[in-house]
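Note that my numbering has the sequence shown beginning at 1, numbered continuously upward.
From the three backbone atoms N, C-alpha and C, an ideal C-beta is built for every residue, glycine too.
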Amino acid sequence: MSETTLVLIKPGGVQRNLIGEITRRIEARGLKVAGLKLIVADRATVEEHYSEHRERPFFKDVCDYLTSGPIVAMAVSGTNAVKAIRTMMGATNPLEATPGTVRGDFALTIDDNLTHSSSDPEAAARELGLWFSEGLPS
Ligand code: CDP
Ligand code: MG
1 MSETTLVLIK
11 PGGVQRNLIG
21 EITRRIEARG
31 LKVAGLKLIV
41 ADRATVEEHY
51 SEHRERPFFK
61 DVCDYLTSGP
71 IVAMAVSGTN
81 AVKAIRTMMG
91 ATNPLEATPG
101 TVRGDFALTI
111 DDNLTHSSSD
121 PEAAARELGL
131 WFSEGLPS
């Protein structure tokens with residue numbers, strides 16, 4: 001089933017010049033970039049994005065990090081895009097991420113794990129509405 005999901009390339013990924021590599025992998029898989037922008041996120045957007053983690057001990061740090069520099073927000077469409085992208089990005093802790101995944105190939109620590117991707121179709125719809133409130137180009 002065709003789906004659209006959200007990918008964020010976090011500040012570390014942008015700083016390390018991994019925008020091209022990550023986007024290349026997504027396109028090579030056969031998925032379509034349906035929306036793309038380089039932005040500095042405002043705190044309110046990031047706190048809303050991570051609202052499920054509001055009570056977790058890492059909430060402040062992850063929000064500080066996400067607002068610390070430019071990020072890429074990307075909408076990605078294709079068959080089973082939500083699961084396909086999650087699998088390509090790898091486990092949250094890069095030490096547990098399989099080689100061949102973005103985190104397994106390019107990251108070492110959980111606080112700098114390079115990307116966000118929506119966990120399920122409901123989260124994708126919510127997150128796309130937040131990061132692409134203007135809608136996607138058609
Ligand atoms: O990003 P993902 O959906 O794989 O993981 P999450 O459990 O939804 O956590 C969101 C983000 O919070 C992670 O990607 C990490 O950047 C950060 N985090 C952390 O710094 N320390 C933890 N123990 C768990 C998550
Ligand atoms: Mg998550």
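Beta strand (DSSP E) segment containing Met74, residue limits | Taking the sequence shown and counting its residues from 1, the one referred to as residue 74 is at position 74. From DSSP, the beta strand (DSSP E) with Met74 extends over Ile71 to Thr79.
So is Gly13 buried or exposed if we call it buried at 16+ other beta carbons inside 10 Å?
-> Translated into the one-based positions of the sequence shown, residue 13 becomes position 13. Gly13 should be labelled buried.
Can you tell me which of Thr92, Ile85 and Leu108 puts its alpha carbon nearest to the alpha carbon of Arg29?
-> Counted from its first residue, the sequence shown places residue 29 at position 29. Minimum Cα distance to Arg29 is reached at Ile85.
Have a look at Leu136 and Arg24 and give me their C-alpha separation to the nearest angstrom.
-> Within the sequence shown, residue 136 is the residue found at index 136, counting from 1. Within the sequence shown, residue 24 is the residue found at index 24, counting from 1. Whole-angstrom Cα-Cα distance: 20 Å.
As assigned by DSSP and simplified to three states, the class of Ser51 = Taking the first residue of the sequence shown as 1, we reach residue 51 at position 51. In this structure, Ser51 counts as helix in the three-state DSSP scheme.
Reference Leu130; option with closest CA among Ser77, Ser2 and Thr45 | Numbered from 1 along the sequence shown, position 130 holds the residue referred to as residue 130. Nearest of Ser77, Ser2 and Thr45 to Leu130, Cα basis: Thr45.
List the DSSP bridge partners of Ser118.
-> If you number the sequence shown from 1, residue 118 lands on position 118. Paired residues: none, contrary to the question.
So what does DSSP say about Lys32, is it helix, strand or coil?
-> To locate residue 32, count along the sequence shown from 1; it is residue 32. Of the three classes helix, strand and coil, the one that applies to Lys32 here is strand, per DSSP.
Helix, strand or coil at Thr92 [DSSP, three-state] | Position 92 of the sequence shown, counted from the start, is the residue given in the question as residue 92. The answer is coil: DSSP assigns Thr92 none of H, G, I, E or B.
Looking at Ala107 and Pro94, is the spacing between their C-beta atoms short of 7 Å?
-> Locating residue 94 in the sequence shown gives position 94, where the first residue counts as 1. Locating residue 107 in the sequence shown gives position 107, where the first residue counts as 1. Yes, the Cβ-Cβ distance between Pro94 and Ala107 is below 7 Å.
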